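J.: Input: one structure, supplied below.
In the numbering used here, the protein residues as written are 5 to 485.
What follows is the structure in structure tokens.
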């Protein structure tokens with residue numbers, strides 16, 4: 005659904021009412037739908053009140069419901085908000101209170117301002133019942149384990165996957181999309197998720213692993229959504245599914261696959277390494293302390309640190325422009341990954357380049373995380389990012405990630421400048437953006453983080469962990485290379 009609004013009486017209320025009706029029809033609770041409506045109305049109101057070239061504003065509102073998520077996008081041609089204005093905007097404050105699951109903000113110069121908010125409307129499908137299994141469940145026999153078939157998932161398996169999720173988690177699994185067969189089918193058919201299942205002739209789907217993207221069009225998917233029926237643990241289903249998942253990535257001609265491996269045990273790191281992956285970064289405090297893993301040590305001394313890992317599948321020659329202090333590390337990583345890259349650390353910020361910096365911002369209140377993606381570096385890059393950070397102060401963020409296009413000759417100089425804002429090295433992510441490789445920086449907030457109870461699978465991982473933590477501490481102290 006698309007609507008054009010010019011600010012006439014009643015138009016704002018009409019949009020809000022339509023959005024709320026769609027949300028409740030899709031299954032969202034009425035109180036949540038009302039909260040979502042309030043944020044949408046504030047985004048539209050903010051767009052209508054911006055200074056613009058024409059006498060009458062032209063605001064476009066697009067509503068999209070798919071894969072269990074309702075998304076409303078508001079586009080206008082007005083003057084972008086300053087950081088101070090964004091910080092004080094009601095939409096930001098309401099989003100920070102959890103009225104929406106995600107808030108995206110982007111300003112693309114002559115292309116206009118784009119703001120979108122989304123909320124998950126999928127809920128656990130209460131048709132499924134029966135015993136929820138745990139680690140004490142009786143293990144299957146050798147004969148039954150040998151009958152398991154590891155294969156690519158099809159839409160016909162959606163019902164079986166929902167049952168598997170229920171048997172393993174009841175209705176507590178965090179991704180509620182996987183409780184609704186039609187949403188699973190949509191993800192598979194749109195190519196937003198490539199899944200592998202472990203199928204038993206007697207019990208149906210007993211395992212699942214997937215490749216998925218955060219946003220449609222992202223070149224490199226993340227591996228995850230691993231589920232294994234407790235009765236089949238110890239039968240190496242995860243490893244077998246991971247191997248087929250990687251074969252699918254090759255069939256799809258993907259440049260590579262990335263993963264966020266936990267550090268309270270080295271098992272998931274070893275799995276990626278076994279299949280040809282390597283450690284490419286450290287995400288300090290990336291996982292909330294409330295996230296725990298059954299039967300594993302879960303020391304709660306702050307937000308947990310994850311290891312960024314990458315498995316290269318296809319190589320394309322690129323020239324990268326990291327800052328001086330990261331040149332040796334990036335060179336070492338590109339060599340280890342056997343990717344054809346040239347590293348040029350001579351970088352300077354643009355002074356007369358046409359066009360402003362293009363930035364997209366996403367805040368996820370539930371995890372106290374924000375993402376800033378820089379698509380184009382302009383002369384105003386440093387001040388623009390500072391403004392965006394100012395606007396994010398409405399959220400109590402634990403960590404803010406900033407992705408820079410490493411193929412941009414200004415990337416290295418900008419990364420160095422951003423140290424004054426508290427950004428330090430997080431990860432090198434090959435082919436992560438349409439333009440090529442990405443340098444991910446991280447800005448750690450005031451939430452406690454745990455970097456003491458980290459287990460790395462091998463020496464290479466320990467080295468990059470030590471480097472990332474030392475860079476974080478150096479930048480935090482305001483030190484120089």
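By construction, the Cβ of each residue, glycine as well, lies at the ideal position given by its N, Cα and C atoms. Keep in mind it's a predicted model, so treat the numbers as computed, not measured.
1) With C-beta atoms as the reference, is residue 393 less than 8 Å away from residue 449?
2) Which two residues bound the contiguous beta strand (DSSP E) that contains residue 22?
3) So, residue 80 versus residue 67, is the Cβ gap smaller than 8 Å?
4) Any beta carbon from chain D within less than 8 Å of residue 351's own beta carbon?
5) Let me check understanding here. Comparing Cα to Cα, which of 477, 312, 225 and 208 lies closest to residue 215?
6) Decide if residue 475 is buried, meaning its Cβ has at least 16 other Cβ atoms within 10 Å, or exposed.
7) Do residue 389 and residue 422 come within 8 Å of each other at the CB atom, strictly closer than that value?
8) Taking 6 Å as the limit between beta carbons, can you name the residues of its chain near residue 297, skipping five residues before and five after?
9) Which same chain residues end up closer than 7 Å to residue 169 when comparing Cβ atoms and leaving out the 5 residues on each side of it in sequence?
10) In chain order, what residues of the same chain lie with their CB nearer than 7 Å to the CB of residue 280, ignoring the 5 residues before and after it?
11) What residues in its chain sit with their C-beta under 6 Å from that of residue 118, if we drop five residues either side in the sequence?
12) Pick out whichever of 309, 221, 278 and 233 has its Cα sitting closest to the Cα of residue 247.
13) Using C-beta distances below 7 Å, list every residue in its chain close to residue 299, excluding the 5 sequence neighbours before and after it, in chain order.
14) Tell me residue 375's beta-bridge partners as DSSP assigns them.
15) How about the region 253-260 and the region 316-331: do they share at least three Cβ pairs that are nearer than 8 Å?
16) Between the region 402-413 and the region 378-389, can you find at least three pairs of beta-carbon atoms closer than 8 Å?
17) Three Cβ pairs or more, each shorter than 8 Å: is that satisfied between the region 81-90 and the region 7-19?
18) Using 10 angstroms around the beta-carbon of residue 102, count the other beta-carbons present and answer buried if the total reaches 16, otherwise exposed.
19) Taking three-plus beta-carbon pairs below 8 Å as touching, is the region 443-459 in contact with the region 425-435?
20) My understanding is that residue 244 touches residue 180, with C-beta atoms under 8 Å, so please give their C-beta distance in whole angstroms.
21) By a C-beta neighbour count over all protein chains shown, 10 Å radius and 16 as the cutoff for buried, is residue 5 buried or exposed?
22) Does DSSP put residue 302 in a helix, a strand or coil?
T.: On the basis of the coordinates in this document:
1) No. Outside cutoff.
2) Note, residue 22: premise wrong, no beta strand (DSSP E); alpha helix (DSSP H) at 15-29.
3) The beta carbons of residue 80 and residue 67 sit no closer together than 8 Å.
4) No chain D is present in this structure, which holds just one protein chain.
5) That would be 225, whose Cα lies nearest to the Cα of residue 215.
6) Taking a 10 Å sphere around the C-beta of residue 475, we find 16 or more other C-beta atoms and assign the residue as buried.
7) Result yes, Cβ atoms of residue 422 and residue 389 sit closer than 8 Å.
8) Since pLDDT at residue 297 reaches only 44, below the 50 mark, its modelled position is unreliable, and the value read off the structure follows with that caveat. Same-chain partners within the cutoff: there are none.
9) Its chain contains 177, 182, 183 and 231 as the residues whose beta carbon lies nearer than 7 Å to that of residue 169, once the 5 sequence neighbours on both sides are disregarded; these appear in chain order.
10) The beta carbon of residue 280 sits closer than 7 Å to the beta carbons of 315 from its chain, once the five residues preceding and following it are set aside; these are given in chain order.
11) If we look at residue 118 and ignore the five residues flanking it on each side, its Cβ neighbours are 79 and 110.
12) Residue 278 holds the alpha-carbon nearest to the alpha-carbon of residue 247 among 309, 221, 278 and 233.
13) Because the pLDDT at residue 299 is just 44, under 50, the model does not fix this residue reliably, and the value given afterwards should be weighed accordingly. Around residue 299, the same chain offers 139 as residues with beta carbons nearer than 7 Å, after the five sequence neighbours per side are excluded.
14) DSSP lists 366 and 405 as partners of residue 375.
15) At 8 Å Cβ cutoff, the stretches touch.
16) Counting Cβ pairs under 8 Å, three or more are found: they touch.
17) Note that the region 81-90 does not touch the region 7-19; fewer than 3 beta-carbon pairs, one per stretch, sit closer than 8 Å.
18) Burial is judged here by how many other beta carbons sit within 10 angstroms of a residue's own beta carbon; residue 102 has fewer than 16 and is exposed.
19) The region 443-459 makes contact with the region 425-435; the number of CB pairs closer than 8 Å reaches 3 or more.
20) About 27 Å separates the beta carbon of residue 244 from that of residue 180, a gap too long to meet the 8 Å contact definition.
21) Classification for residue 5: exposed.
22) Residue confidence is low: residue 302 scores 48 on pLDDT, short of 50, so the model does not pin down where it sits. Its coordinate-derived value is still stated next. Three-state DSSP puts residue 302 in coil, outside helix and strand.
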